[in-house]
Amino acid sequence: MPKRDDIRSVLVIGSGPIVIGQACEFDYSGTQACRVLRDEGFRVILVNSNPATIMTDPEFADATYVEPITPEYVEKIIAKERPDALLPTLGGQTALNTAVALHESGALERYEVELIGADFDAIQAGENRELFKGIVAKVAREHGLNAESASSVVCHTMDECLAAATELGYPVVVRPSFTMGGVGSGFAYDETDLLRIAGAGLDASPTTEVLLEESIIGWKEYELEVMRDKHDNVVIVCSIENIDPMGVHTGDSVTVAPALTLTDREYQNMRDVAIAVIREVGVDTGGCNIQFAVNPATGRMIVIEMNPRVSRSSALASKATGFPIAKIAAKLAIGYTLDEIPNDITKETPASFEPTLDYIVVKVPRFAFEKFKGADQTLTTHMKSVGEAMAIGRSFPEALQKALRSLEKKDSSFSWTGSPRPKAELLDESRVPHDGRLRTMQQAIRAGATAEELFEATNIDPWFLDQLFLLDEEARAVGEATELTAEVLERAKRHGFSDAQLGEIRGIDEARVRDLRHALGLRPVYNTVDTCAAEFAAKTPYLYSAYDEESEVPYGEREKVIILGSGPNRIGQGIEFDYACVHASFELSRAGFETVMVNCNPETVSTDYDTSDRLYFEPLTLEDVLEVVHAEQQTGPVAGVIVQLGGQTPLGLAQSLKDAGVPVVGTSPESIHLAEERGAFGRVLAEAQLPAPKHGTATTVAEALAVAEEIGYPVLVRPSYVLGGAGMAIVYDDATLSTYMAAQEGGHPVLVDKFLDEAIEIDVDALFDGEELYLGGVMEHIEEAGIHSGDSACALPPITLGSNDIKRIRAATEGIARGVGVRGLLNVQYAMSAGVLYVLEANPRASRTVPFVSKATAVPLAKAAARVMLGSSIASLREEGMLPATGDGGTLPLEASIAVKEAVLPFNRFRGVDIVLGPEMRSTGEVMGIDESFGVAYAKSQAAAYGELPTKGRAFVSVANRDKRAMIFPVRALADLGFEILATEGTAEVLRRNGVHAKIVRKQSEGPGPGGEPTSVQYILDGEVDLIVNTPFGSPGQSGPRLDGYDIRTAAVLRGIPCITTVAGLAAAAAGIQAIVRGDVGVRSLQEHARALRAAGA
Amino acid sequence: MTSALLVLEDGRVFHGTPYGAEGETFGEMVFNTGMTGYQETLTDPSYHRQIVAMTAPHIGNTGVNDEDPESGRVWVAGYVVREPSRVVSNWRANRSLDDYLKEQGVVGIAMPGTRALTRHLRERGAMRAGIFTAPAEPVEDLVERVRQAPRMEGADLSAEVATTEPYVVPAIGEKRFTVAAVDLGIKGMTPHRMAERGCEVHVLPAGATFEQIMAVEPDGVFLSNGPGDPATVDVTPLRRVLEARVPFFGICFGNQIFGRALGLSTYKLRYGHRGVNQPVQDVRTGKVEISAHNHGFAVEAPLGEPFDTPYGRAEVSHVNLNDRCVEGLRLLDGRAFSVQYHPEAAAGPHDAAYLFDEFCEVMSRAQA
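Protein chains in written order, with the numbering used here: chain A, 460 to 1557; chain B, 7 to 374.
Following this line, the structure appears as structure tokens:
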């Protein structure tokens, strides 16, 4: 049956900014869907507020809307574009919820838009827990299957919750309906827990509904990925087993594919139930996942939940098996059946089959607790990880060890050096799920723990525990061997030990292990991910390393370029870098190179085997990269390796790769060093006559105080050995500086910089070919200096800089590019203070803002950069039309639209963490708002990031003394718009004196008034406030005002009320609210923006 | 650690360590791509005289239990795995796979090169092989001994695996039908699936004559799966069943015999289908079922159009979507049909279980 011809245009909804629980896997799935739909001749309309996605590249859709994914904005898009159908199943929970809202408001009916992929009833049945339980019961009854649900009660009020918990018995699981990534869910062990967790859950659920459930903590946990077509053909794409048993969110669990501890009978029962459930739910076409818990002692199986859409697990399953779930789901949605779609990998067999694996896949989560001081680090049903790495090996130990080293985090791999801590302590720690629990357990084994003790502590299946014991035995065999013979080494490598680990165990250098290994001719082979365990020949080269028998790397004639990706998502290194890598791959392939991608992040577009000519799913360590390079050099000419697009991860390998004789293209490792090493960079700046803030280095308290005295407070301090703003602080006085220094690890130097208070911070992305500088874009931060550029909102073109300023910025950037010797991309951060342009730092690589700049200026910067790295000049790229014939991102016409980037912060995941922005980056993602006016663009960015700005109601204002003058004007604007202003005493006085009526509210530290007058925090918690303005003051560790602010901001997060923490942000918000109230907010596609820009002569 | 060798008749040798019983064994080298169900595979009589390599790397994790075997013993001639489990983890298990193989005297090898072996067989076809857990002779001599082992072509093996005495599997619940099932290597799940549907199954030895079959007064006749070359089987009893218009259903080897009874020929596939993920399309409905397979031979028949047979018009009812191989045959009047794969699905998915319902419907119509 061919595709449907009754629909011609399809609206695809993306998933918006990267947040915990919804990351770039939806860019991967959405990109696949858009490609399929366009290839099939449909007009594709896309909405996604996240500019760092590949799917929002203008060539992936006919009309690309970088607009907020809210029912209001999407309805505007529908009204304008009039699509025939809406595909809501590929953009995560965000897309699904938006589709539900549009259905319920009648918008879909009004504009005659058909939901495809899953209809409204199916979405309800899958997402509504009561309906779903009924379905499971029906399936068990009518099909005679062994399936049940956990006993549970649906509650809509706290009283219902309390009654239900008494009936079920503690502990109970609390699950809010219609939230993603398990927001608001948790275990309540007693009534106090229940009040807290269920209270937040009722709030978090858009339907004020939570489910209380019997506890199945400690049971085995499984997931099946299912596809169904309109002929009711159903296949199971992949089974996934969680090593961490029930109780840890699957996104935070170490997982393995395929399931390894089920017999066929148990597995087939699970399969039968999954199929019966998907039929009963009525998911017509497409993918969904379904989760199970199995009691390890009795085999009793419980169906936990299903998602009637593509999920994070589907991305993992696609990468794990080579079965492209999202792509196939899109084809099924437009009418194809599974047997009509060819298997991409074999090309000869159809997609209506179930992949079989002859390898093991392990996924490990990556956390960022170091960024969120005060956050509870226990892993629960509430997802906390910010990224993940996946590895493939021919055995579980090989895959597990590769996955752990893919995390690129200190202490993520197993270790056999030093003495382990006491067994009892390690066993105790193992009881509580935490980041790195497997390593804690490995150490416990070293300390003498038995399998029984570990099982008792963790409930992890004995089979997995035995694999840890096996690794311990293998490590000891390596340690005890008289020498590293070929046999010893080969055995160890088969068990996934890295050269670095072996060196550690033997007390020798990693490089020596490698030399020895190479001298013995011991190298990994590369096997193909072929969906069929080698039963058929694979046509698509998707490879992984293993110490196995035969290498399957095909020989190629074309010159190859190897692109190193950015590894697991983490704060500061996310989808933006994947975007740059993917662009480079597309462009270099077009330019005639054979492109080879190396990466280990299963969520990304770069690890789609369709993106590059060849994909290696490998850790990004020196050893693993060198082996890939070697394998590629054996099978054809290699032009070079690109390290500057994947962020800090590949950049950190540049010098070692060069030392090993690998050609690194683009900016040379020596030049990278010039920009990264402080002294060398200082000389570059001196030569170019560019000022930097005064600075010094200190290792002791006394030294630091001396530096501070010389350069003057405030100072910005940070340890010299960390990147990405970790451990940074702004310090205003001697006492705080002494405390900070005392807390540093001994011996490590601390960098002390003059902090430019109230400077305007400016970010620049530029391209340099050795001759010409192309200024990609100049971004002006909305918040003043001191807030990490990744967390700061910014505007492009800059809203308060004149053409003279930009001229200076251009000259300075060119000076740095020349001085450093950049070939490709360069990012520079400046601070403009009292008319002086200071250079804060320069990074000779793709930056986080490259995709934003590319979308805002309609110029593919990363593609151009890749070409420059391989030798093209900017002049020739201008001739080709890849870059504009004249001008650049610094010469945008005055009519150009203004794009605002806003950061999205994960504070709702980490209750108890202060939400004040600072020099350490904590955002997980970003959105873009774009419009002709700054106010509207800013309002859109807020709507996309946090929800619509309120246009009426109460605003609560409490600002630091230094901000009191600056806040008057914007607060008056709010009052003029009709807001009732509440303020703490000091703030209210200033406002009243300036003619703004403000009601005084008690501070939290003052407590409730004699007549029971509530405090500011109480007002917020009671839902009486619609907008909060609170700028922090003082320094950490103080009580009083500082703590007041903390309580206010925490309350804001709890209630989900917009909270502005800078005056600059307040001014922008006031402008945005004014624009919304005036009602002149429209939607415009990127293609229209680009046409307008060209018409204006840019 | 002692070493073991897997030696192929074309001279390729794989190194590993002994697994299961020690000694040496010979057979046809085949690979199975199922990720679950090793216990069912080992006890499937169709694997008689075959050395089976598992493409899934970790085998034995869930140990061995008393509920899952498909027959009373392990039938594979030898077993090749990559990563044998060192522990048993399942609430139903009562011993380890290693112990079970030792107890059953099955010689095996654990070796890293199972993927290389699969690729080799895929390219060169199934061939004879030997496992030697303590090889004393030079490799060339071992290759020579492998070459002297009997080939699968022309092998008549049903009698070696089938029951020698008839027995009855009673219907579960109310008895609706009597089925005469000829055991050519039948799996335990097959009569069970029929019994679940109210069939009293009379399992007869492989050489059962038409008279012996009719003696149980069957509502339907069933021919099971089994090892060996279908060309060696006498199709006379089945032809007489068809002439008598008794409803017939066949599985696997039974499908091949049905094909030969209809006048079609059978041939050996290059490396066969062995696994639980094969897409088979029912040409009448267009629906695809994911099915369990274990066959090295197949029927040659025209796809897409009915053809004449001595028993009326017939058609290819099921086709494998991977290689367009014939997976099912039926007489257009519906009274006799067969499939090349395993609807009883042990191990494997249950998508094809409807075929047992169809058999019951055919018998039901015939009774009416």
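Note that beta-carbon positions come from the ideal geometry of N, C-alpha and C, so glycine has one too.
Bear in mind the structure is a predicted one, so any value in this text is a computation, not a measurement.
How about His602/A and Ala752/A: are their beta carbons less than 8 angstroms apart? no
Spatially closest choice to Phe1369/A from Gly833/A, Val631/A and Thr667/A, by CA coordinates: Gly833/A
So Gly745/A and Ala577/A are in contact, right, with Cβ under 8 angstroms, and what is the actual spacing, rounded? 6 angstroms
Taking the C-alpha atoms as reference points, what is the distance between Ile1219/A and His1240/A? 7 angstroms
Residue-chain proximity (Thr23/B, chain A), Cβ-Cβ < 8 angstroms: It does not: the Cβ of Thr23/B has no partner Cβ on chain A nearer than 8 angstroms.
Compute the Euclidean distance between the alpha carbons of Thr1054/A and Arg687/A, then round it to the nearest angstrom. 34 angstroms
Can you tell me which of the three DSSP states Ser102/B falls into? coil
Given that Phe855/A touches chain B, what residues does it touch there, using C-beta distances under 7 angstroms? His64
Please tell me whether Ile115/B has its Cβ less than 8 angstroms away from any Cβ of chain A. no
Using a beta-carbon distance below 8 angstroms, is Ser9/B in contact with chain A? No, no contact with chain A.
Where does Gly1138/A sit, in a helix, a strand or coil, going by DSSP? helix
Within 10 angstroms of its Cβ, does Ser664/A collect 16 or more other Cβ (buried), or is it exposed? It is buried - the Cβ of Ser664/A has at least 16 other Cβ atoms within 10 Å.
Every unbroken beta strand (DSSP E) inside the stretch 1074–1107 of chain A [3 residues or more]: 1097–1101
Start-to-end residues for the beta strand (DSSP E) that takes in Ile1246/A: That residue, Ile1246/A, is in no beta strand (DSSP E); it is neither H nor E in DSSP.
Show which residues of chain B have a CB atom less than 7 angstroms away from the CB atom of Val694/A. In chain order: Ile296.
So Val1166/A packs on Gly1155/A, CB below 8 angstroms; how close in whole Å? 4 angstroms
Apart from the five residues just before and just after Leu897/A, which ones in its own chain have a Cβ nearer than 6 angstroms to its Cβ? Closer than 6 angstroms at the Cβ level, and outside the excluded window around Leu897/A, lies no residue.
Since Leu816/A meets chain B, which of its residues come closer than 8 angstroms, beta carbon to beta carbon? Met41 and Ala62
Mind listing the chain A neighbours of Gly292/B? Cutoff is C-beta to C-beta under 7 angstroms, in chain order. His690
May I have the straight-line CA-CA distance separating Val1386/A from Pro476/A, to the nearest angstrom? In this structure, the CA atom of Val1386/A is about 6 angstroms from the CA atom of Pro476/A.
Alpha carbon to alpha carbon, what distance is there between Asn1420/A and Gly473/A? 42 angstroms
In its own chain, which residues sit with a C-beta less than 7 angstroms from the C-beta of Gly265/B, not counting the 5 before and 5 after it? Thr272, Val305, Ala307 and Leu335
Less than 8 angstroms between the CB atoms is what I'm expecting for Leu361/B and Pro349/B, so what's the real figure, rounded? The C-beta distance from Leu361/B to Pro349/B rounds to 4 angstroms, short enough to fall under 8 angstroms.
At a Cβ cut of 7 angstroms, what residues of the stretch 723–737 of chain A count as close to chain B, listed as they run along the chain? Listed by position along the chain: Asp723, Arg724, Tyr726, Gln727, Arg730 and Asp731.
Is the beta carbon of Gln1463/A closer than 8 angstroms to that of Asp1506/A? yes
Could you compute how far the alpha carbon of Ile1459/A sits from the alpha carbon of Asp1481/A? 17 angstroms
Within chain A, the residues that Val93/B reaches when beta carbons sit closer than 7 angstroms: Pro921, Trp922 and Asp925
Give every residue of the same chain whose Cβ lies closer than 8 angstroms to the Cβ of Gln1497/A, excluding the five residues on either side of it in the sequence, and list them in chain order. Bear in mind that the predicted position of Gln1497/A carries a pLDDT of just 39, short of 50, making it unreliable; the figure below should be weighed with that in mind. Here the set comprises nothing.
Cα separation between Asp465/A and Phe501/A? 11 angstroms
Chain A contact for Glu166/B (CB, 8 angstroms cutoff): no
The stretch 1069–1082 of chain A contacting the stretch 1036–1049 of chain A, beta-carbon criterion three pairs below 8 angstroms: Per the Cβ contact rule, the stretch 1069–1082 of chain A is in contact with the stretch 1036–1049 of chain A (3 or more Cβ pairs under 8 angstroms).
Neighbour flag for Gly213/B against chain A, beta carbons, 8 angstroms: no
At least one CB of chain B closer than 8 angstroms to the CB of Gly758/A: is that the case? In terms of beta-carbon proximity, Gly758/A lines the interface with chain B, with at least one pair separated by less than 8 angstroms.
Enclosing beta strand (DSSP E) for Gln284/B [first to last residue]: Ser271 to Asp288
Secondary structure at Ser323/B, three-state DSSP: helix, strand or coil? strand
Rounded to the nearest angstrom, what separates Glu159/B and Arg730/A at their Cα positions? 37 angstroms
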